[in-house]
Structures are given as C-alpha cells and as structure tokens.
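Numbering-wise, the UniProt record's numbering puts 141 at position 141 of the sequence shown, and it's gapless, one number per residue. C-beta atoms are modelled at their ideal positions from N, C-alpha and C, and glycine is treated no differently. Written below as structure tokens is the structure these notes are about.
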Amino acid sequence: MGIVTVATTPHPSLHDLDATTSAIEGEEGDDAVRRSAGVGESSRASRHWWDRNADEYQDEHGEFLGDDRFTWCPEGLDEADAHLLGSVAGRDVLEIGAGAAQCSRWLAAQGARPVALDISYRQLQHSRRIDLGRGTAPVPVVQADAAVLPFADASFDLACSAYGAVPFSADTEQLMREVHRVLRPGGRWVFSVTHPIRWAFPDEPGVEGLTAMSSYFDRTPYVEQDENGHATYVEHHRTLGDRVRELVGAGFRLIDLVEPEWPAGLEQEWGGWSPLRGRLIPGTAIFVTERG
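If you want it as structure tokens, here you go:
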C-alpha cells in the first residue's frame, strides 16, 4: 500500500527523497511573534514546516523514538508500561500526527490494525523508508489534516497522538469532534501535548527556562513568519480547562490526566525539555478519554 494523500497537488515518489529536500528547503531567520493565525494559515504552515524539517527531526530524534517504539513524550513514558490505550490486540487504531509512524509500528507488533495519519508527506516518506529498511509489511499511512479526517463514521476502536497535530491546529474543537466521529462508541482517544503551564515559561532547557515570563491565560498563537509576514510555523496554546471543555463538548469523557515525572537517569535534553526543568515543572500532559 502506498501513501494515500488527501491533496490536490502531486507528490514525488520514495526514490525522489533527495530531490524533495532541495525543492522544499526554507529560509532561515524567520521572526518569532505572538499573533492570530487562522485555520488555513496554520494548516499550510504545519504542512510546509514538517515537510521542510522532517529529515532533520528524524536524524536528531530517530534514535530516541526508535523504529517501533510507542513513547508518549520526551520524559520517555512508553505505552508498553503505561497501557493508557488499554488492550490493542485486534483493534483498529488511528494514529494522528504520526510522523514516521513509530507508534503505529509498535501497535502493529501488538496485534493492532493501525493507520498512521500525518499532514506532512515528507514525514510519511520516512515511515516508508523505515518499513523498506526493515523489510516488513508497510504501515498503512494517509496524508491529511487532522481536523478534516478522511474516514467514515465509527471506523476505529482507538485513536492516539503523541505530540502530533493537536498543538498545531487552530480549531481543536473541530479536531476533537472529528476524532469523536470516526471512533466507535466506547473507543479511547489518548493524546499528549506540551503541558499548558510551559507556555508561561521561556522554551529553554536551562535556568532561564524556570522563570515565568508570559501569562498562562494568553491564548495568542506562537508564530514564526518570513519577511513577508507569511507564517512558516504555528503553535496554539490552550489551558487545561480549555482542553477539558473542548473534549467534553465533543462528547468525550475524561478518564485520566497524566503528567509524567522526569525519570531518574534520563539526562538527554530535547528542545526545552531537560532534567533541570523536568524535575521542577511538568513538561507533558496526556489526556486519556473515552467516546460517549
């Protein structure tokens, strides 16, 4: 099975990987601002940013993520230990914002039937690269926006996302409704995001990242933009209360809110995540919900 893409423009095949990199290379020196960013602008920025940066991301974090590891967060909490999805064997599972589908590959090994969805074609090419390198059956992958899921109602038993899609969507109320729509009654929707409290602090791993500099209640998006003011990267903030309300409004029941503690012995930094900060303030929030 190839990459199913919900798009109107052609994409290169797997053997064109190197050509793709040069074709989508972006400019450095974008300005970082806080300003409004709507649905279309956020979606376009996410698709282009992840296409442009997928190679670097997989090179930098591929060893930590593994080829078939399901880890929820930089703190290293694995689904193999946490069991937040419950039983997965024999279940149809949708992974949203899958990147190179590492989590889906783990799910398949547990007997699940996963489908990996991502807005970035380049990220999904890396999924295909991993499958080809391992000589294993390819994970079914789909390119689409998580707020407009190209699936019929009640198509899946479970849905999950490890730092994918949710922070980059301008309309997460719509995203939650879409996930609810494609899940079967009683199905779990579990996703991890940067802990909302982190938005009050600079995204720095050192001591400079321990002093609150912004209002936790400021929902203005973080935007990186080029010299013409076009967004090249967008991330959206919601408070914990916002997340609960949008989930309940979509028809989900909140089962648990997991805030992983920084484990002893983990010294690796990942962007603003570090042992220093992780031992003092939460870095990740994992919402465990069930469809009504």
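If you run the structure through DSSP and keep just helix, strand and coil, what is PRO74?
-> coil
Close-in-space but distant-in-sequence residues of the same chain around THR21 (CB under 7 Å, 5 per side omitted) | Low per-residue confidence applies at THR21: pLDDT is 32, beneath 50, and the placement is therefore not dependable enough to give any value.
Evaluate ALA108 with the Cβ neighbour count: other Cβ atoms within 10 Å of its Cβ, from every protein chain shown; 16 or more gives buried, anything less gives exposed.
-> buried
From what residue to what residue does the beta strand (DSSP E) around ARG188 run?
-> 183-194
Any idea what DSSP makes of PRO167, helix, strand or coil?
-> helix
Helix, strand or coil at THR220 [DSSP, three-state] = coil
Taking 8 Å as the cut-off, decide whether the C-beta atoms of GLY209 and PHE217 are in contact.
-> no
Specify the secondary structure class of LEU17 as computed by DSSP and reduced to three states.
-> Residue placement at LEU17 is poorly supported in this model, since its pLDDT is 35, which falls under 50; the coordinates are not used for a value here.
For SER161 versus VAL141, is the C-beta spacing smaller than 8 Å?
-> No, they are not a contact pair.
Beta-carbon separation of PRO205 and GLU75 under 8 Å?
-> no
Exposure of GLY292, with buried meaning 16 or more beta-carbon neighbours within 10 Å = exposed
State the Cα-Cα distance for the pair ASP81 and ARG177, rounded to the nearest angstrom.
-> 29 Å
What distance in whole Å lies between the Cβ atoms of GLY164 and GLY99, which are believed to be in contact at a cut-off of 8 Å?
-> About 7 Å; that satisfies the 8 Å criterion.
Contact under 8 Å by Cβ, ARG193 with VAL288 | The question names Arg, but residue 193 is Val in the sequence shown. No.
Can you name, in chain order, every residue of its own chain whose Cβ lies under 6 Å from the Cβ of THR136, other than the five neighbours on each side?
-> none
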